[in-house]
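Input: a single structure, listed below in structure tokens.
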Amino acid sequence: IGNCQGGWAAALVGAEKPDLVGPMVFNGSPLSYWGGVKGTHPIRYRGGLTGGMWINSWLCDIGHGQFDGAHLVANFEDLNPTNTLWTKYYHVYANIDSEAERYLNFEKWWGGFFLMTEKEIQTIIEGLFVGNQLERGEFELEKGRPVDLKNNSNPVVVFASFGDNITPPQQAFNWIERVYGSVDEIRRRGQVIVVHLHPTIGHLGIFVSGKIALREHKQIIASFETLGFLPPGLYEMIIEEDSQTPGGYQVRFVEKAPREFPAAQDRSEDLPFQTAQKVSAINDFLYRPLVSPWVKLAVSKTSAEILRELHPLRMQRYLCSDLNPWLMPFKFWAEAIRENGWRQPIGADNPFRRLEATLSEAVADAIDGWRDWRDHSSERLFQWVYENPWLKQLYALENLDDRELALQREELLRQDAHQLRQVMGHGGLPEAVTRMLLAVMLADRDLPRSGYERAGRLFQTDERLKHIHPRQFKAIVRVQARLLQTDTDLAIESLPRLLPSNADRRQALQLLAAGIDFSGQALNAQEQAMLERIQTVLAI
Numbered sequence: 314i315g316n317c318q319g320g321w322a323a324a325l326v327g328a329e330k331p332d333l334v335g336p337m338v339f340n341g342s343p344l345s346y347w348g349g350v351k352g353t354h355p356i357r358y359r360g361g362l363t364g365g366m367w368i369n370s371w372l373c374d375i376g377h378g379q380f381d382g383a384h385l386v387a388n389f390e391d392l393n394p395t396n397t398l399w400t401k402y403y404h405v406y407a408n409i410d411s412e413a414e415r416y417l418n419f420e421k422w423w424g425g426f427f428l429m430t431e432k433e434i435q436t437i438i439e440g441l442f443v444g445n446q447l448e449r450g451e452f453e454l455e456k457g458r459p460v461d462l463k464n465n466s467n468p469v470v471v472f473a474s475f476g477d478n479i480t481p482p483q484q485a486f487n488w489i490e491r492v493y494g495s496v497d498e499i500r501r502r503g504q505v506i507v508v509h510l511h512p513t514i515g516h517l518g519i520f521v522s523g524k525i526a527l528r529e530h531k532q533i534i535a536s537f538e539t540l541g542f543l544p545p546g547l548y549e550m551i552i553e554e555d556s557q558t559p560g561g562y563q564v565r566f567v568e569k570a571p572r573e574f575p576a577a578q579d580r581s582e583d584l585p586f587q588t589a590q591k592v593s594a595i596n597d598f599l600y601r602p603l604v605s606p607w608v609k610l611a612v613s614k615t616s617a618e619i620l621r622e623l624h625p626l627r628m629q630r631y632l633c634s635d636l637n638p639w640l641m642p643f644k645f646w647a648e649a650i651r652e653n654g655w656r657q658p659i660g661a662d663n664p665f666r667r668l669e670a671t672l673s674e675a676v677a678d679a680i681d682g683w684r685d686w687r688d689h690s691s692e693r694l695f696q697w698v699y700e701n702p703w704l705k706q707l708y709a710l711e712n713l714d715d716r717e718l719a720l721q722r723e724e725l726l727r728q729d730a731h732q733l734r735q736v737m738g739h740g741g742l743p744e745a746v747t748r749m750l751l752a753v754m755l756a757d758r759d760l761p762r763s764g765y766e767r768a769g770r771l772f773q774t775d776e777r778l779k780h781i782h783p784r785q786f787k788a789i790v791r792v793q794a795r796l797l798q799t800d801t802d803l804a805i806e807s808l809p810r811l812l813p814s815n816a817d818r819r820q821a822l823q824l825l826a827a828g829i830d831f832s833g834q835a836l837n838a839q840e841q842a843m844l845e846r847i848q849t850v851l852a853i
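Residue numbers (the working numbering): 314 to 853.
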């Protein structure tokens, strides 16, 4: 499970050592760093507006070869200045009896800044945030050997939110289409990718919200075993309250193509970022020999440590701590007030309390207005610079419409389909029953988790099927699902070849009926039509 930047780290492990991991979850994790919506996600423009990688090289130089993680946190906090400068402090002030401990615990966690080496931050910024190399198949852990995300054969869950302005859904989702090209390629590779999109939760809420932990994270983890038995493909995971069970939830997996997701984004929007990447490379190339040596001459370990201690995010913490002797009286006053019960809360209907809240909202609205103006101006400046046709003429941009790769994928799909059609008639009773159950349950592309799991118990309880090992059963599910995905008509019409005798067909239909009963799901019109078609094909 990878949260935020841990997601791309987990993706690297899954791609390089797929045999060492199982189902993977990317929570609010960016893998498509150029993604986002115009007018909504300004953080993606900042690298281009500062000239790219060179500024990180400079920060490492003044840090004596180390990059201060406080810069990254400051960048995140600057996205929401209202919360950073006002709202979070007023919230504690207005709810001082209940919020103090939560506030201090969060700030302690949020203020745990780490130092990174120059090589680490250079690889992350140049290879991922500015270069977007992981999605494009150009990111290298070892020279000459790029990481291919398609090598990961384990089920993947992508959890993102439309309320996340740090890792917007486009950055968490776009890599799927960019890497695989189509849902057919995902299926051909036997991959299972599940996407869950939350409508409102913010970036940190994805990781630390109690409600999200009890609902989304709990249901994702509860689905791990099911993911291994899903037919290859791309699914949206839908979590709904269970009307029959108080506090319970129903989970469905709905088959979709990449463009059916609201987070899908056209690749043409990548062009200005590609220009920014070229400018970044040139700026850093010029900075290193012309400026960096002079900066390093002026820096020592001591000066780097002093600069780190003078960082505003550190200063605001130790200036408001026991290290500041001027605050000693407040410590004694606070203890005395708590011990003697001098604190007297007032009601929410108090006119001064209401006036205070109104003034706080006015301050927040004013800061929000400034933030919106700043973000809009930054976006317009980025577009003016990097969408300028004169600047584009200076750089040989890559062709994002890779038709040669698309043709190669189409040829591989044709070869795969041809091979699968050759084995449509291979198998016996277990393969036939699996194919029939999948055909019925996937007729409407909507797969309830509980029903799918219960139907699978047929293979654990029936005397004719329970000898099949779970690993073998998983392989049967994958193969039979691929046959149905390749040519549903031929897969159904080939069933009599798997069940040559009337006795076999009666057994198969009995097991199909038992599997449907196990699922506990009433068949809809599409599923009923598929069931009747199977019964017709296997007419005895």
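Here a beta-carbon is modelled for each residue, glycine too, at the ideal position from N, C-alpha and C.
Inset, instruction - Using the Cα positions of Phe427 and Asp381, report the straight-line distance between them to the nearest angstrom. - result: Taking the first residue of the sequence shown as position 1, residue 427 is located at position 114. Taking the first residue of the sequence shown as position 1, residue 381 is located at position 68. Going by the C-alpha atoms only, they are around 7 Å apart.
Legend entry - Contact set for Lys614: own chain, Cβ-Cβ below 6 Å, skip 5 residues either direction: Against the sequence shown, residue 614 aligns to sequence position 301. Cβ neighbours of Lys614 beyond the five flanking positions: His377.
Legend entry - Ranges of the alpha helix (DSSP H) found wholly within the stretch 689 to 744, counting only runs of at least 4: 702 to 706, 716 to 735
Legend entry - Own chain partners of Gly444 with C-beta closer than 6 Å, once the 5 adjacent residues on each side are dropped: Your numbering for residue 444 matches position 131 in the sequence shown. Gln590, listed in sequence order.
Inset, instruction - Could you check which residue in Val405, Ile434, Gln841 has the C-alpha nearest to that of His384? - result: Here residue 384 is taken as the residue at index 71 of the sequence shown, counted from 1. Of Val405, Ile434, Gln841, the residue nearest in Cα terms is Ile434.
Legend entry - Residue range of the unbroken alpha helix (DSSP H) whose run includes Thr430: Start at 1 with the first residue of the sequence shown, and residue 430 comes out as number 117. Thr430 -> not in any alpha helix (DSSP H); beta strand (DSSP E) instead, spanning 428 to 430.
Inset, instruction - Can you tell me which of the three DSSP states Ala576 falls into? - result: Here residue 576 refers to the residue found at position 263 when the sequence shown is read from its first residue. Coil.
Inset, instruction - Select from Phe574, Ala576, Val508 the residue whose C-alpha is nearest the C-alpha of Ile552. - result: Start at 1 with the first residue of the sequence shown, and residue 552 comes out as number 239. Selected option, being the one with the closest Cα: Val508.
Legend entry - the stretch 475 to 495 touching the stretch 520 to 527, judged by at least three CB pairs closer than 8 Å: no
Legend entry - Asn465, DSSP secondary structure in three states: For the purposes of this step, residue 465 is taken as residue 152 along the sequence shown, with counting starting at 1. DSSP places Asn465 in coil when its eight states are reduced to three.
Inset, instruction - Could you check the C-alpha separation between Asp597 and Glu451 for me, to the nearest Å? - result: Here residue 597 refers to the residue found at position 284 when the sequence shown is read from its first residue. Here residue 451 refers to the residue found at position 138 when the sequence shown is read from its first residue. Their backbone Cα atoms lie some 19 Å apart in a straight line.
Inset, instruction - Name the two residues that bound the continuous beta strand (DSSP E) containing Leu547. - result: Taking the first residue of the sequence shown as 1, we reach residue 547 at position 234. Counting along the chain, the beta strand (DSSP E) containing Leu547 begins and ends at 546 to 554.
Legend entry - Ile533 versus Lys432 - alpha carbon distance: Taking the first residue of the sequence shown as position 1, residue 533 is located at position 220. Taking the first residue of the sequence shown as position 1, residue 432 is located at position 119. Computed Cα separation, rounded: 35 Å.
Inset, instruction - Sort out for me which residues DSSP pairs Pro394 with in a bridge. - result: As a first step, residue 394 must be located in the sequence shown, where it is residue number 81. When DSSP reads this structure, Pro394 sits in no beta bridge, so it has no partner.
Legend entry - Bounding residues of the beta strand (DSSP E) (the contiguous stretch that carries Phe339): Residue numbering aside, residue 339 sits at position 26 when the sequence shown is read from its first letter. Unbroken beta strand (DSSP E) run through Phe339: 337 to 340.
Legend entry - Residues near Ala745 by beta carbon distance below 7 Å, same chain, minus five either side: Position 432 of the sequence shown holds residue 745. Leu808, Leu811, Leu812, Ala821.
Inset, instruction - Determine, using beta carbons only, whether Val608 and Pro545 come nearer to each other than 8 Å. - result: For the purposes of this step, residue 608 is identified with residue 295 of the sequence shown, where counting begins at 1. For the purposes of this step, residue 545 is identified with residue 232 of the sequence shown, where counting begins at 1. With respect to the 8 Å criterion, Val608 and Pro545 are not classified as neighbours on the basis of their beta carbons.
Inset, instruction - Give me whichever residues DSSP pairs with Ile781 in a beta bridge. - result: Along the sequence shown, one-based indexing puts residue 781 at 468. Its beta-bridge partners do not exist; DSSP assigns none.
Legend entry - Residue nearest to Thr353 in terms of C-alpha spacing, selected from Gln484, Leu362, Asp688: Working through the sequence shown from its first residue, we reach residue 353 at position 40. Cα-wise, what sits closest to Thr353 is Asp688.
Legend entry - Cα-Cα separation between Ala838 and Glu806, rounded to whole angstroms: Taking the first residue of the sequence shown as 1, we reach residue 838 at position 525. Taking the first residue of the sequence shown as 1, we reach residue 806 at position 493. Cα to Cα, the separation comes out at about 20 Å.
Legend entry - Best match in Phe772, Phe520, Gln446 for proximity to Thr480 [C-alpha to C-alpha]: The residue labelled residue 480 in the question sits at position 167 within the sequence shown. Taking only the C-alpha atoms, the option nearest Thr480 is Phe520.
Legend entry - Thr363 versus Ile438 - alpha carbon distance: If you number the sequence shown from 1, residue 363 lands on position 50. If you number the sequence shown from 1, residue 438 lands on position 125. Their Cα atoms are separated by approximately 13 Å.
Inset, instruction - Note down the Cα distance separating Asn388 from Leu720, rounded to an integer number of angstroms. - result: Numbered from 1 along the sequence shown, position 75 holds the residue referred to as residue 388. Numbered from 1 along the sequence shown, position 407 holds the residue referred to as residue 720. Computed Cα separation, rounded: 42 Å.
Inset, instruction - Report the three-state DSSP secondary structure of Asp410 (helix, strand or coil). - result: Translated into the one-based positions of the sequence shown, residue 410 becomes position 97. In this structure, Asp410 counts as helix in the three-state DSSP scheme.
Inset, instruction - Have a look at the DSSP bridge pairing and note the partners of Phe389. - result: In the sequence shown, the residue the question calls residue 389 occupies position 76. Its beta-bridge partners do not exist; DSSP assigns none.
Inset, instruction - Look up Pro459 in the DSSP assignment and say whether it is helix, strand or coil. - result: Translated into positions along the sequence shown, residue 459 becomes position 146. The answer is strand: DSSP assigns Pro459 an E or B state.
Inset, instruction - Look at the alpha carbon of Ile409 and the alpha carbon of Leu636, and state the distance between them as a whole number of angstroms. - result: If you number the sequence shown from 1, residue 409 lands on position 96. If you number the sequence shown from 1, residue 636 lands on position 323. In a straight line, the C-alpha of Ile409 is about 23 Å away from that of Leu636.
Legend entry - Under 8 Å between C-beta atoms of Leu836 and Met749: Taking the first residue of the sequence shown as 1, we reach residue 836 at position 523. Taking the first residue of the sequence shown as 1, we reach residue 749 at position 436. For Leu836 and Met749, no; Cβs fall outside 8 Å.
Inset, instruction - Assign Val564 to one of two classes, buried (16 or more other C-beta atoms within 10 Å of its C-beta) or exposed (fewer than that). - result: The residue you call residue 564 lines up with position 251 of the sequence shown. Its Cβ being crowded by 16 or more others within 10 Å, Val564 is buried.
Inset, instruction - Determine, using beta carbons only, whether Glu553 comes closer than 8 Å to chain B. - result: Here there is only one protein chain, and chain B is not present.
Legend entry - Contact the stretch 333 to 340 vs the stretch 458 to 472: 3+ CB pairs below 8 Å: yes
Legend entry - Euclidean distance between Cα positions of Ser581 and Gly361: The residue given as residue 581 occupies position 268 in the sequence shown. The residue given as residue 361 occupies position 48 in the sequence shown. One C-alpha to the other measures close to 17 Å.
Legend entry - beta strand (DSSP E) segment containing Asp597, residue limits: Reading the sequence shown from its first residue, position 284 is the one you call residue 597. For Asp597, there is no enclosing beta strand (DSSP E); the residue is part of the alpha helix (DSSP H) that begins and ends at 584 to 603.
Inset, instruction - Name the two residues that bound the continuous beta strand (DSSP E) containing Pro761. - result: Taking the sequence shown and counting its residues from 1, one reaches residue 761 at position 448. It spans 759 to 761 - the beta strand (DSSP E) in which Pro761 sits, taken as one unbroken run.
Inset, instruction - Excluding the 5 residues preceding and the 5 following Arg656 in the sequence, name in chain order all residues of the same chain whose CB lies nearer than 7 Å to its CB. - result: Indexing the sequence shown from 1 puts residue 656 at position 343. Result list for Arg656: Ile650, in chain order.
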